[in-house]
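To keep things clear, I will list the structure first and then write my remarks on it.
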Amino acid sequence: MKLLRILGILFLLLSAGCGPAAPEQGGYTVTDVRGKTVHLPRPPRKILTDSLHLDETLLTLVPADHLAGACYLDRESGISFIAEETRSVEPVLREVTPETVAGTKPDLFLASTWSDPGLIQKVEELGIPVVVCRGPVTLEEIRENVRLMARALDRETVGEKVLARMDDQLERTEKTLAALKEPEPVGMLVSLMSRYGGGGSLYDDLCRRAHVGNGLSRAGLQNGQPLTREAILQADPDFFLISLPYGEEKADYEKFQQQFFADPALQGLKGYDRRVALPDRYVYDASPMAVYGIQALANGAYGRPLFPLEREPLLKGY
Numbered sequence: 001m002k003l004l005r006i007l008g009i010l011f012l013l014l015s016a017g018c019g020p021a022a023p024e025q026g027g028y029t030v031t032d033v034r035g036k037t038v039h040l041p042r043p044p045r046k047i048l049t050d051s052l053h054l055d056e057t058l059l060t061l062v063p064a065d066h067l068a069g070a071c072y073l074d075r076e077s078g079i080s081f082i083a084e085e086t087r088s089v090e091p092v093l094r095e096v097t098p099e100t101v102a103g104t105k106p107d108l109f110l111a112s113t114w115s116d117p118g119l120i121q122k123v124e125e126l127g128i129p130v131v132v133c134r135g136p137v138t139l140e141e142i143r144e145n146v147r148l149m150a151r152a153l154d155r156e157t158v159g160e161k162v163l164a165r166m167d168d169q170l171e172r173t174e175k176t177l178a179a180l181k182e183p184e185p186v187g188m189l190v191s192l193m194s195r196y197g198g199g200g201s202l203y204d205d206l207c208r209r210a211h212v213g214n215g216l217s218r219a220g221l222q223n224g225q226p227l228t229r230e231a232i233l234q235a236d237p238d239f240f241l242i243s244l245p246y247g248e249e250k251a252d253y254e255k256f257q258q259q260f261f262a263d264p265a266l267q268g269l270k271g272y273d274r275r276v277a278l279p280d281r282y283v284y285d286a287s288p289m290a291v292y293g294i295q296a297l298a299n300g301a302y303g304r305p306l307f308p309l310e311r312e313p314l315l316k317g318y
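Take the sequence shown: its position 224, counting from 1, is numbered 224 in the numbering used here, and each next residue is one higher.
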């Protein structure tokens, strides 16, 4: 009888050992801008994004060795603040597809509300955790992205340091600009993206913080509405903001600019001959380094170096 009991206990133990494994415990969760809760078993070491602005934001929180790959624009200094940091990151991705994402074997994929929803879905179907951030249209939404990424990386203290560095730049910028006595100059953005920059855009928020009038929004244009001759004449800008185009877009932009300013209707405007040229990184950036864009816009609009921009360090929190 004793032997039968022992055999019965052994049978139960063996049966338990052959059953389904208990679910993996530990890790943490983060809720992204979709309201979706994403489980991460551990802080990710290899992270891939699908855009420059996410790579830039990411590198304020972690070093470049955490990148599983780089956006092809990362190394283009005309538009990027992380050209040097990403110089040796491989692979460089021009197209982000489910196949290229899977090929980098990331622990985490970061996307945004500007990303292709189909791409997000397919990457999730591959079993790769996806956290969706904002495609920011205000500086506050950039701050929200920092907080969300910091939670996803389990580096919330680092994220708060990034935000503190942003606040320091913004406070010093506002102090200088608030002391100016002259009227705010009005600028007109001349962009290949002819529907960008009106009210409700990140550019509009940067102009406001730079104490610069945005001619697009003053003419009643919202972001996404095309720039028209009538809007330009209505705004009657003090200056035109043009790009110092980078790399592959240079030829297209120069041709576009020549055609734009050849319009006889514009040649009587008071600001026709005043053209402020800035690298694209100051106008289109959507990362914490957008604070430098505010300063560059103010320098150009007011026609003097209110802010030194020789060095533009990443606003790292580590």
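Beta carbons: idealized from backbone N, C-alpha and C, even for Gly.
Quick check on DSSP: helix, strand or coil for Gln259?
For this step, residue 259 is matched to residue 259 along the sequence shown. In this structure, Gln259 counts as helix in the three-state DSSP scheme.
Pairwise C-alpha distance: Arg147 and Leu306:
Here the question's residue 306 lines up with position 306 in the sequence shown. Here the question's residue 147 lines up with position 147 in the sequence shown. The straight-line gap separating the alpha-carbon atoms of Leu306 and Arg147 is approximately 30 Å.
Given Gly293, which residues of its chain have a CB within under 6 Å of its CB, disregarding the five upstream and five downstream residues?
Translated into positions along the sequence shown, residue 293 becomes position 293. Contacts found: Leu206, Tyr282, Asp285.
Might you give, ordered along the chain, the residues of its own chain that have their beta carbon closer than 8 Å to the beta carbon of His39, omitting 5 neighbours on each side?
Indexing the sequence shown from 1 puts residue 39 at position 39. Gly27, Tyr28, Thr29, Pro129, listed in sequence order.
Please confirm if the stretch 68-76 is in contact with the stretch 42-49, defined as three or more CB-CB distances below 8 Å between the two stretches.
Proximity of the stretch 68-76 to the stretch 42-49 meets the contact definition, three or more beta-carbon pairs being nearer than 8 Å.
Starting from Thr157, follow its DSSP beta bridges and name the residues at the other end.
For the purposes of this step, residue 157 is taken as residue 157 along the sequence shown, with counting starting at 1. Paired residue(s): none; Thr157 is not in a bridge.
Are Thr157 and Leu314 closer than 8 Å when you measure CB to CB?
In the sequence shown, counting from the first residue as 1, residue 157 sits at position 157. In the sequence shown, counting from the first residue as 1, residue 314 sits at position 314. Result no, Cβ atoms of Thr157 and Leu314 do not sit closer than 8 Å.
Let's see if you can read the secondary structure: which residues bound the alpha helix (DSSP H) around Leu202?
Numbered from its first residue, the sequence shown carries residue 202 at position 202. It spans 202-209 - the alpha helix (DSSP H) in which Leu202 sits, taken as one unbroken run.
Mapping the DSSP letters down to three states, classify Ser243 as helix, strand or coil.
Taking the sequence shown and counting its residues from 1, the one referred to as residue 243 is at position 243. Reduced to three states, the DSSP call for Ser243 is strand.
DSSP three-state assignment for Asn214, whether helix, strand or coil:
Taking the sequence shown and counting its residues from 1, the one referred to as residue 214 is at position 214. Here Asn214 sits in strand by DSSP.
Cβ-Cβ separation, Val190 to Gln257 (assumed contact under 8 Å), whole Å
As a working mapping, residue 257 is identified with position 257 in the sequence shown. As a working mapping, residue 190 is identified with position 190 in the sequence shown. That belief holds up - the Cβ atoms of Gln257 and Val190 are roughly 7 Å apart, short of 8 Å.
Helix, strand or coil for Ala21, going by three-state DSSP, please let me know.
The residue you call residue 21 lines up with position 21 of the sequence shown. For Ala21, the pLDDT reaches just 33, beneath the cut-off of 50, and the residue's location in the model is therefore unreliable, leaving the point undetermined.
What is the C-beta distance between Tyr72 and Val92, in whole angstroms, given that I count them as a contact (C-beta under 8 Å)?
Within the sequence shown, residue 72 is the residue found at index 72, counting from 1. Within the sequence shown, residue 92 is the residue found at index 92, counting from 1. The pair is a contact, with the Cβ atoms about 5 Å apart (cut-off 8 Å).
Endpoints, beta strand (DSSP E) assigned at Gly39:
Your numbering for residue 39 matches position 39 in the sequence shown. This sequence places His at residue 39; Gly is not what is there. His39 -> beta strand (DSSP E) spans 37-40.
7 Å Cβ shell around Leu153 - same chain, five flanking residues per side excluded
Taking the sequence shown and counting its residues from 1, the one referred to as residue 153 is at position 153. Cβ within range, chain order: Pro43, Pro44, Leu61, Val62.
Would you say Gly300 and Leu278 are within 8 Å of each other, going by their C-beta atoms?
Here residue 300 is taken as the residue at index 300 of the sequence shown, counted from 1. Here residue 278 is taken as the residue at index 278 of the sequence shown, counted from 1. Yes. Within cutoff.
Helix, strand or coil: how does DSSP classify Thr100 here?
Against the sequence shown, residue 100 aligns to sequence position 100. Thr100: helix per DSSP, three-state reduction.
Start and end residues, alpha helix (DSSP H) containing Pro117:
Position 117 of the sequence shown, counted from the start, is the residue given in the question as residue 117. Counting along the chain, the alpha helix (DSSP H) containing Pro117 begins and ends at 117-125.
Considering only the alpha carbon of each residue, which of Trp114, Ala296, Pro183 lies closest to Arg34?
Within the sequence shown, the letter at position 34 stands for residue 34. The option with the nearest alpha carbon to Arg34 is Trp114.
What's the gap between the Cα of Thr57 and the Cα of Ala251?
For the purposes of this step, residue 57 is taken as residue 57 along the sequence shown, with counting starting at 1. For the purposes of this step, residue 251 is taken as residue 251 along the sequence shown, with counting starting at 1. One C-alpha to the other measures close to 29 Å.
Among the candidates Val212, Leu110, Thr138, whose CA atom is the shortest distance from the CA of Leu52?
Stepping through the sequence shown from its first residue, residue 52 is reached at position 52. Measuring from the Cα of Leu52, the nearest candidate turns out to be Leu110.
Report all residues from its chain with a CB closer than 8 Å to the CB of Ala21; omit the five preceding and five following residues, and keep chain order.
For the purposes of this step, residue 21 is identified with residue 21 of the sequence shown, where counting begins at 1. Note that Ala21 has pLDDT 33, beneath the 50 cutoff, so the model's placement of it is unreliable and the number below is only indicative. Once the five neighbours on either side are set aside, Ala21 has no close Cβ partner at all.
Val131 versus Pro98: straight-line alpha-carbon distance, rounded
Start at 1 with the first residue of the sequence shown, and residue 131 comes out as number 131. Start at 1 with the first residue of the sequence shown, and residue 98 comes out as number 98. So the alpha carbons of these two residues sit roughly 15 Å apart.
Do you know whose CA, among Ser243, Arg275, Gly271, lies nearest Ile326's CA?
Since the displayed the chain opens at 1 and closes at 318, residue 326 lies outside it and no answer follows.
Indicate the three-state DSSP secondary structure (helix, strand or coil) for Pro264 in the structure shown.
By 1-based counting over the sequence shown, the position of residue 264 is 264. Looking at Pro264 - three-state DSSP - the assignment turns out to be helix.
Let's test the definition: count the other Cβ atoms within 10 Å of the Cβ of Thr334 and tell me whether it reaches 16, buried, or not, exposed.
The first residue shown for the chain is 1 and the last is 318, placing residue 334 beyond what the model contains.
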